[in-house]
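Each remark here refers to the structure printed beneath this line.
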Amino acid sequence: MTQKSIVILISGSGTNLQAIIDAVKQGQINAGITAVISNRADARGLQRAQREHINTAVIDQNAYPERIAYDEALIAEIDKYNPDLVVLAGFMRILSGKFISHYRNAILNIHPSLLPEFKGLHTHRRVLETSNQVHGASVHFVNNELDSGPVVIQAQVPVLPGDTEETLRGRVLQQEHIIYPMAIEWFIEGRLQINDNEVLLDNKVLHRPVLWKENQLTFSQQH
Ligand code: GAR
Numbered sequence: 128m129t130q131k132s133i134v135i136l137i138s139g140s141g142t143n144l145q146a147i148i149d150a151v152k153q154g155q156i157n158a159g160i161t162a163v164i165s166n167r168a169d170a171r172g173l174q175r176a177q178r179e180h181i182n183t184a185v186i187d188q189n190a191y192p193e194r195i196a197y198d199e200a201l202i203a204e205i206d207k208y209n210p211d212l213v214v215l216a217g218f219m220r221i222l223s224g225k226f227i228s229h230y231r232n233a234i235l236n237i238h239p240s241l242l243p244e245f246k247g248l249h250t251h252r253r254v255l256e257t258s259n260q261v262h263g264a265s266v267h268f269v270n271n272e273l274d275s276g277p278v279v280i281q282a283q284v285p286v287l288p289g290d291t292e293e294t295l296r297g298r299v300l301q302q303e304h305i306i307y308p309m310a311i312e313w314f315i316e317g318r319l320q321i322n323d324n325e326v327l328l329d330n331k332v333l334h335r336p337v338l339w340k341e342n343q344l345t346f347s348q349q350h
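Position in the sequence shown (first residue = 1) + 127 = our numbering.
See below:
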């Protein structure tokens with residue numbers, strides 16, 4: 128059987144990219160990362176990919192004032208690698224409906240909050256402005272609405288007294304680095320699917336996201 132192909136889109140430091148690279152190297156994810164593509168030439172994650180001899184490309188957002196033209200250029204680059212899965216790993220651009228339907232049911236994103244809470248930007252800062260004692264991250268399929276596609280897995284972390292945006296971000300990122308490779312592994316193994324707006328894991332509908340908490344996976348009772 129030919130090896131499955133994953134293309135990863137980034138905009139920044141790429142610590143999630145690194146976690147996925149490591150999971151591939153350790154055999155947790157049985158696929159090849161065939162390309163890492165950034166919308167910014169200065170994304171540090173590009174160097175992480177180059178160190179591993181993974182193809183990289185920059186589709187510079189400044190060269191494409193129109194969203195559709197940008198997304199068409201991005202699609203053209205991604206399609207060179209014929210991926211089974213497109214992974215957004217800190218890719219800080221909104222994708223058009225055209226892009227999303229092109230890779231229908233095969234785009235995963237990670238978002239630094241317990242969705243549906245705190246969609247959008249500056250999630251850690253916004254959580255600290257509330258009295259919430261729990262925060263986290265979510266891996267979800269991407270649909271046409273921002274940060275609203277069906278959630279596969281979430282990790283919870285406590286919000287601690289004295290937390291700053293940085294300490295909270297660090298605690299959430301550590302968990303992102305565990306749950307993102309896990310969800311990608313499930314997808315690549317064919318265990319994770321999406322049917323309309325429902326997520327299926329091992330052919331059973333996930334009524335609630337899988338929860339990763341205190342180093343354990345919990346499945347909702349209906350699963
Ligand atoms: C991660 O925290 C990810 O959840 C977030 O960007 C960070 C990227 O870090 N993504 C979003 O906010 C998407 N809306 P990384 O470049 O070190 O992986």
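Glycine is no exception: its CB is placed at the ideal position from the N, C-alpha and C atoms.
Three-state secondary structure (DSSP) at residue i?
i	result
residue 283	strand
residue 168	coil
residue 217	coil
residue 260	coil
residue 249	coil
residue 291	coil
residue 163	strand
residue 278	strand
residue 131	strand
residue 236	strand
residue 227	helix
residue 343	strand
residue 212	strand
residue 156	coil
residue 151	helix
residue 273	coil
residue 242	coil
residue 136	strand
List the whole-angstrom C-beta distance separating residue i from residue j, where the pair is believed to meet the contact cut-off of C-beta under 8 Å.
i	j	result
residue 137	residue 144	6 Å
residue 299	residue 262	6 Å
residue 303	residue 237	6 Å
residue 275	residue 240	Contact doesn't hold; Cβ gap of about 12 Å is too wide.
residue 195	residue 225	7 Å
residue 156	residue 288	About 37 Å separates the two Cβ atoms, so there is no contact after all.
residue 198	residue 222	6 Å
residue 279	residue 243	Not confirmed; about 14 Å, so no contact.
residue 166	residue 220	5 Å
residue 211	residue 131	4 Å
residue 338	residue 281	6 Å
residue 260	residue 285	6 Å
residue 135	residue 216	5 Å
Does any CB atom of chain C fall closer than 8 Å to the CB of residue i?
i	result
residue 338	No chain C appears in this structure, which consists of one protein chain only.
#### Entry: the segment 157-166 in contact with the segment 321-328 per 3-pair CB rule at 8 Å
no
### Unbroken stretches of the beta strand (DSSP E), 3 residues or longer, contained in the segment 306-339
Along the length of the segment 306-339, whole beta strand (DSSP E) runs at least 3 residues long occupy 319-322, 325-328, reported in chain order.
### Message
Contact between the segment 285-292 and the segment 246-261 is defined here as three or more beta-carbon pairs at a separation below 8 Å; is this criterion met?
### Response
yes
### Message
Using 8 Å as the cut-off, can you tell me whether the segment 327-335 makes contact with the segment 259-275, which would need three or more C-beta pairs spanning the two stretches below that distance?
### Response
no
### Message
My parser needs the alpha helix (DSSP H) runs of 4 or more residues fully inside the segment 172-196; what are they?
### Response
172-178
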